[in-house]
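In this note's numbering, the protein residues as written are 39 to 776. Using N, Cα and C, we set each Cβ at its ideal position, and we do this for glycine too. Remember, predicted model here, so these are calculated numbers, not experimental data.
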Ligand code: GLC
């Protein structure tokens with residue numbers, strides 16, 4: 039596979055600190071081969087004696103999953119005060135969307151379209167995690183994913199490379215600050231490098247087939263942005279790309295990551311991913327796996343034990359040059375110096391825990407509010423003053439653990455505010471009845487439905503909380519059918535028969551297929567597991583104390599079979615101008631009566647809701663774009679300015695996210711019908727208007743050819759300024775050669 043020239047000019051590695059490099063080299067000169075290999079191992083926390091013995095012998099470089107600060111200090115003392123060279127450990131954890139104070143899952147944070155808010159959430163996560171000794175998190179996950187069957191879509195920023203890029207960089211800034219040696223700074227990790235979101239058939243750990251243009255246009259840009267933002271570490275992905283497992287992919291890890299992007303941080307394998315190259319069938323044993331990974335430049339073997347078990351023999355047998363190992367060790371030592379661990383290896387146990395502070399909880403509430411997406415509202419929301427008695431129904435109404443979502447290992451459910459608790463606080467205990475209807479989301483029993491229907495019948499309004507338990511999304515949690523599980527839909531259908539105003543709140547790890555439930559509900563508020571303060575946020579939104587502003591970071595399909603479905607699709611040779619619904623086709627219909635174009639007879643051509651969509655309790659008008667010129671000269675360096683006027687045409691303040699899309703009308707390769715190039719979230723008072731301005735440069739119009747090289751082709755482009763990927767009237771400009 040030939041390397042390709044990334045779009046942005048390759049970035050020189052961050053300026054190396056000459057003094058630090060000298061310290062690294064002098065330390066390296068003292069290290070034995072065993073001590074060098076020791077730095078390249080990351081072990082899961084285990085029973086203390088076994089682990090501390092290995093640490094004292096210099097056989098461990100970093101530890102994952104130890105979050106007891108006292109144990110962290112004890113292990114660190116073993117490393118610093120008992121091992122021969124006193125090299126400190128790094129303690130790592132999956133702090134994916136908060137540590138103790140849990141924020142919305144990353145897909146929910148992406149739905150805020152608010153990078154500043156996402157940065158603040160990461161900063162708070164780092165403050166809480168570092169207080170326990172964690173100085174390395176395996177976040178942000180920036181795997182573009184367009185198939186909601188894949189459970190790990192929950193951890194991503196969704197289907198669009200730009201949204202993944204902006205959210206990933208925001209998280210990196212929040213975790214790391216601009217001083218990695220700050221004791222509250224945590225090394226971030228761009229993962230999973232790369233292409234994991236394209237796991238075939240949405241099944242986790244599956245193979246991927248990625249042609250260079252797709253890699254260069256969609257998969258890699260968020261990672262390049264992370265490298266340019268100074269992310270301290272990268273993680274290899276489990277999948278193979280076109281038959282090459284990432285942990286042994288020299289093209290990806292050396293040609294692209296190190297040489298093209300100038301990355302000089304640490305590259306860690308995913309858990310056991312080096313040894314799993316045996317399962318992939320590209321390594322016969324741990325020796326072969328270790329050799330592939332070392333030659334690919336994987337610095338740390340996370341819990342794979344290929345490096346500790348096989349690397350020394352490879353050197354003794356002359357199969358692996360010790361200089362290769364030295365380079366890997368340099369990267370690990372450089373990270374430890376950058377983190378200030380040689381100067382400050384220990385945690386100050388006298389400090390009170392920063393977790394769950396009022397400011398952290400307030401930030402988590404705000405994030406959960408801005409992550410909620412109002413999909414439908416016939417006027418039922420916000421709940422009117424005439425609503426006194428509320429029936430709270432459904433398995434997610436009072437689920438303090440499950441509202442935390444996937445990858446929340448340090449959540450403390452006693453701090454979670456559930457929707458039931460928050461609504462009772464807001465409206466008064468006696469005015470809010472509760473009946474789950476079904477005990478948990480997979481519960482198939484109908485026994486609880488009559489009681490729920492009774493509660494609904496006695497209320498002024500019914501709010502039903504449905505969705506997924508935390509375990510139903512995330513790693514290794516893929517679904518072949520995205521319809522609601524258990525008897526949830528039967529519950530909703532029964533509630534519908536009461537004729538009461540019925541709002542449905544979804545709390546899930548992914549976009550579910552909710553066509554039926556959407557049709558029943560008077561209002562639909564969709565959230566991707568909102569975290570510790572999900573309930574508080576939902577009560578604020580339902581009551582009108584807060585106004586929804588979330589926008590879909592993923593396309594919401596009508597049926598599972600539509601996946602992969604995404605807005606930036608190709609036009610094909612037969613785009614459907616019209617469609618015929620399966621049930622309307624007469625018997626013995628003529629073969630061509632349904633048209634010969636690209637759509638499903640049973641699902642049509644559109645999703646249920648498009649990428650970027652989300653309503654508010656107010657309304658907005660976004661004008662068509664006004665361009666500074668009808669042409670953009672490829673070589674002039676002068677960008678095109680694109681302006682639009684946004685007006686709040688409703689009766690309450692609200693936030694709108696203006697999205698800038700372009701379409702390249704004719705290219706050497708077929709181009710997507712739309713691509714997001716920028717977005718801005720603004721707040722407007724009733725009646726207020728604001729001009730929103732963007733710039734477009736030729737580089738933003740580039741794409742990659744079959745050879746992976748960037749192409750900027752003159753020709754006609756359309757540009758939209760809209761509130762979602764399916765709206766707006768475009769303007770046209772021409773990119774000219776000169
Ligand atoms: C897991 C995940 C990865 C995580 C790592 C450490 O298998 O793939 O995202 O960071 O192992 O827990």
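With a beta-carbon spacing of about 6 Å, residue 527 and residue 554 fall inside the 8 Å limit used to define contacts. Apart from sequence neighbours up to five positions away, the residues of its chain that approach residue 107 with a beta-carbon distance below 8 Å are 169, 170, 171, 385, 387, ordered along the chain. Here residue 215 has 223 as same chain residues with Cβ atoms under 6 Å from its own Cβ, once five neighbours each way along the sequence are excluded. By the neighbour-count criterion, in which 16 or more other beta carbons inside 10 Å mark a residue as buried, residue 396 falls on the exposed side. Taking a contact to require three or more Cβ pairs closer than 8 Å, the region 227-243 and the region 153-170 do not qualify as touching. By the criterion of a C-beta distance shorter than 6 Å, residue 279 is surrounded in its chain by 233, 246, 248, once the five residues flanking it on both sides are discounted. Nearest Cα to residue 259 within the set 769, 55, 748, 761: 748. Membership of residue 229 in the beta strand (DSSP E) is indicated by the continuous run 227-231.
In the three-state reduction of the DSSP assignment, residue 290 falls in the helix class, which pools H, G and I.
Inclusion of residue 309 in the 6 Å shell around the ligand GLC follows from its C-beta lying nearer than that to a non-hydrogen atom of the ligand. Here residue 569 is not near residue 105, since their CB atoms are 7 Å or more apart.
Nearest C-alpha to residue 338 among 307, 357, 368: 307. The straight-line gap separating the alpha-carbon atoms of residue 285 and residue 244 is approximately 15 Å. For residue 693, there is no enclosing alpha helix (DSSP H); the enclosing beta strand (DSSP E) covers residues 692-702. Within its own chain, the residues whose Cβ lies closer than 6 Å to the Cβ of residue 188, once the five positions on either side in sequence are excluded, are 237, 240, 516, listed in chain order. Here residue 267 has 207, 210 as same chain residues with Cβ atoms under 6 Å from its own Cβ, once five neighbours each way along the sequence are excluded. Residue pairing by DSSP puts residue 756 in a beta bridge opposite 701, 770.
Residue pairing of residue 710 in beta bridges, as defined by DSSP: 608. At least one heavy atom of the ligand GLC sits closer than 6 Å to the Cβ of residue 132. Between residue 79 and residue 99, the CB-CB gap stays under 7 Å. For residue 544, the shortest C-beta to heavy atom distance toward the ligand GLC is 6 Å or greater. Residue range 144-148 is occupied by the alpha helix (DSSP H) that includes residue 147.
Under the DSSP assignment, residue 168 falls in the alpha helix (DSSP H) whose first and last residues are 153-168. DSSP, reduced to helix, strand and coil, places residue 371 within a helical segment of the structure shown. Taking 7 Å as the cut-off, the beta carbon of residue 506 is found closer than this to the beta carbon of residue 479. Taking a C-beta distance under 7 Å as the contact criterion, residue 161 and residue 212 qualify as a contact pair. Inter-residue distance for residue 287 and residue 363 is about 17 Å (C-alpha atoms, whole angstroms). Rounded to the nearest whole angstrom, the C-alpha separation of residue 62 and residue 368 is 6 Å. Closest in alpha carbon position to residue 409, among 577, 147, 456, 423, is 147. Only residues of its own chain outside the window of five on either side were considered, and among them 699, 766, 768 have a CB closer than 6 Å to the CB of residue 758, listed in chain order. When the beta-carbon positions are compared, residue 730 and residue 696 come within less than 7 Å of each other.
Counting other Cβ atoms within 10 Å of its Cβ, residue 132 reaches 16 or more and is therefore classed as buried. The three-state reading of DSSP puts residue 257 in helix, counting H, G and I together.
Counting along the chain, the unbroken alpha helix (DSSP H) around residue 213 starts and ends at 199-214.
Distances from the CA of residue 692 to each of 716, 612, 584 were compared; the closest alpha carbon is that of 584. For residue 473, the uninterrupted beta strand (DSSP E) segment begins and ends at 470-473.
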